[in-house]
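Numbering (UniProt numbering), first residue to last: 1 to 442.
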């Protein structure tokens, strides 16, 4: 209704074409500290943007107000801004005749009262403290629940509605052996208040913290290395822009002019899958209203395809892959993946460790934004993990730096794990057994 009203005002103002993007978000969040709920927040936010054309010029405006007077003022502002522009621009609006609704919401969590959710998190905090005598305190125990609704409509008949929900629990603990302290963090996406999710959350955070105690540095050198799935996921998530057609067209990607060439190990296949069941970024259409599709980016090591929005697709004289998304109502459309996945291999993490006579298991990275070059894919990052000797984890290691070129590293994969889970950005990569990795230590 709001979108229809704003489009009506846009036509009355003389805008030739117009598009409305509206976002509504409801959030519940709180923390537990010493068995007390803290920072309990319930919020309801919304915003909408209007993009309109007049005499070949396109303007975009944004507002958080949705009353009729504000909508009328927004349409006028858009027309005035378009009239003031001096340059014309290529404007693309997605036509549509049939309304589309993409409902991925789950009402299970909403059936529980706030008190039940608080008690659930209190039990998690208490369980973490009891799990191991070396756990000194719980530094964070948080709950977050988000419901979002997105509406897209334009003067060419497009009508799209997308809704989703997310439940998230997090836990951070501090362990001590009397000489040093270490931390452990874990998170889970939840659909209900289940003991399994709670138990897994506690087990992972506590185990991570206590396993880091008494860590040492190792001599510098080149080591066979296993990047645990979460580390491998972090690296891919930081470098996905190499698959952006816009970056390729601007000569800002190492994959420029390499379509059809082998760029990674034959063990590696990477897909963008918007229909992944329970995927964090699963959707039927993007923020331009274009239907999404499964796109194979790398197949058995060969670079096959890039990600496109409508603008980059027009430049390449091809169709969009449905990867045009906004970071919010006020932001422009940018190319972004949906569920970016490395298809899993056939080996467990334990099996890969058992194959390694001597090497390292990397379980944590720091400085991803500062120590990584997305243009060249070179990286040099502080890391920690475990020394592996004779096929077994020997002891924890820390204060080391790993350095490599990502594509070169992905060309030296010895084995690919069958593990892994998505991060909250929708990226997933299994554990990677790398032939050798440069490590700076002692």
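Glycine included, C-beta positions come from ideal geometry on N, C-alpha and C.
Residue i, buried or exposed, once every other Cβ within 10 Å from all chains shown has been counted against 16
{"i": "residue 483", "result": "The chain is shown from 1 up to 442; residue 483 falls before or after that span and cannot be answered."}
{"i": "residue 363", "result": "buried"}
{"i": "residue 395", "result": "exposed"}
{"i": "residue 217", "result": "exposed"}
{"i": "residue 443", "result": "Residue 443 is absent from the structure shown; the chain starts at 1 and stops at 442."}
{"i": "residue 52", "result": "buried"}
{"i": "residue 340", "result": "buried"}
{"i": "residue 1", "result": "exposed"}
{"i": "residue 365", "result": "buried"}
{"i": "residue 42", "result": "exposed"}
{"i": "residue 69", "result": "exposed"}
{"i": "residue 443", "result": "The requested residue 443 does not occur in the structure, where the chain is confined to residues 1 to 442."}
{"i": "residue 261", "result": "exposed"}
Distance, residue j Cα to residue i Cα
{"i": "residue 449", "j": "residue 204", "result": "Residue 449 lies beyond the stretch modelled for the chain, which goes from 1 to 442, so this question has no answer here."}
{"i": "residue 382", "j": "residue 400", "result": "6 Å"}
{"i": "residue 388", "j": "residue 166", "result": "37 Å"}
{"i": "residue 307", "j": "residue 135", "result": "45 Å"}
{"i": "residue 344", "j": "residue 417", "result": "6 Å"}
{"i": "residue 357", "j": "residue 393", "result": "11 Å"}
{"i": "residue 139", "j": "residue 209", "result": "12 Å"}
{"i": "residue 59", "j": "residue 49", "result": "10 Å"}
{"i": "residue 338", "j": "residue 332", "result": "17 Å"}
{"i": "residue 5", "j": "residue 104", "result": "26 Å"}
{"i": "residue 288", "j": "residue 419", "result": "34 Å"}
{"i": "residue 73", "j": "residue 16", "result": "17 Å"}
{"i": "residue 185", "j": "residue 109", "result": "23 Å"}
{"i": "residue 168", "j": "residue 145", "result": "6 Å"}
{"i": "residue 137", "j": "residue 121", "result": "15 Å"}
{"i": "residue 45", "j": "residue 29", "result": "14 Å"}
{"i": "residue 147", "j": "residue 336", "result": "21 Å"}
{"i": "residue 254", "j": "residue 158", "result": "36 Å"}
{"i": "residue 377", "j": "residue 314", "result": "27 Å"}
{"i": "residue 221", "j": "residue 438", "result": "6 Å"}
{"i": "residue 442", "j": "residue 215", "result": "13 Å"}
{"i": "residue 229", "j": "residue 410", "result": "14 Å"}
{"i": "residue 202", "j": "residue 421", "result": "17 Å"}
{"i": "residue 431", "j": "residue 246", "result": "29 Å"}
{"i": "residue 369", "j": "residue 359", "result": "26 Å"}
{"i": "residue 403", "j": "residue 397", "result": "16 Å"}
{"i": "residue 449", "j": "residue 47", "result": "Since the first and last residues shown for the chain are 1 and 442, residue 449 lies out of range."}
{"i": "residue 24", "j": "residue 62", "result": "14 Å"}
Reference residue i, options the options, closest by Cα
{"i": "residue 207", "options": "385, 275 and 86", "result": "385"}
{"i": "residue 294", "options": "320, 235 and 264", "result": "320"}
{"i": "residue 274", "options": "324, 263 and 242", "result": "324"}
{"i": "residue 436", "options": "422, 405, 427 and 429", "result": "405"}
{"i": "residue 244", "options": "265, 312 and 215", "result": "312"}
{"i": "residue 107", "options": "192, 409, 224 and 267", "result": "192"}
{"i": "residue 263", "options": "126, 124 and 407", "result": "407"}
{"i": "residue 40", "options": "111, 117 and 215", "result": "117"}
{"i": "residue 265", "options": "298, 322, 85 and 91", "result": "298"}
{"i": "residue 84", "options": "56, 251, 330 and 98", "result": "56"}
{"i": "residue 212", "options": "183, 231 and 413", "result": "183"}
{"i": "residue 286", "options": "268, 328 and 251", "result": "328"}
{"i": "residue 173", "options": "125, 403 and 433", "result": "125"}
{"i": "residue 91", "options": "54, 164 and 31", "result": "54"}
Three-state secondary structure assigned by DSSP to residue i
{"i": "residue 195", "result": "helix"}
{"i": "residue 84", "result": "helix"}
{"i": "residue 116", "result": "helix"}
{"i": "residue 58", "result": "strand"}
{"i": "residue 402", "result": "strand"}
{"i": "residue 20", "result": "strand"}
{"i": "residue 231", "result": "helix"}
{"i": "residue 100", "result": "strand"}
{"i": "residue 94", "result": "coil"}
{"i": "residue 346", "result": "coil"}
{"i": "residue 135", "result": "strand"}
{"i": "residue 5", "result": "helix"}
{"i": "residue 218", "result": "coil"}
{"i": "residue 370", "result": "coil"}
{"i": "residue 276", "result": "coil"}
Spatial neighbours of residue i in its chain, beta-carbon cut-off 7 Å, leaving aside the 5 residues before and after
{"i": "residue 101", "result": "161"}
{"i": "residue 3", "result": "20, 22, 151 and 153"}
{"i": "residue 170", "result": "140, 142 and 187"}
{"i": "residue 129", "result": "135 and 138"}
{"i": "residue 252", "result": "375"}
Contacting residues, own chain, Cβ-Cβ under 6 Å from residue i (five flanking each side not counted)
{"i": "residue 316", "result": "none"}
{"i": "residue 13", "result": "75, 76 and 79"}
{"i": "residue 236", "result": "427 and 429"}
Close-in-space but distant-in-sequence residues of the same chain around residue i (CB under 8 Å, 5 per side omitted)
{"i": "residue 318", "result": "308"}
{"i": "residue 353", "result": "226, 361, 388, 391, 392 and 393"}
{"i": "residue 443", "result": "Here the chain comprises residues numbered 1 to 442, so residue 443 is not present and cannot be evaluated."}
{"i": "residue 259", "result": "303, 304, 305 and 306"}
{"i": "residue 189", "result": "166, 167, 168, 280 and 424"}
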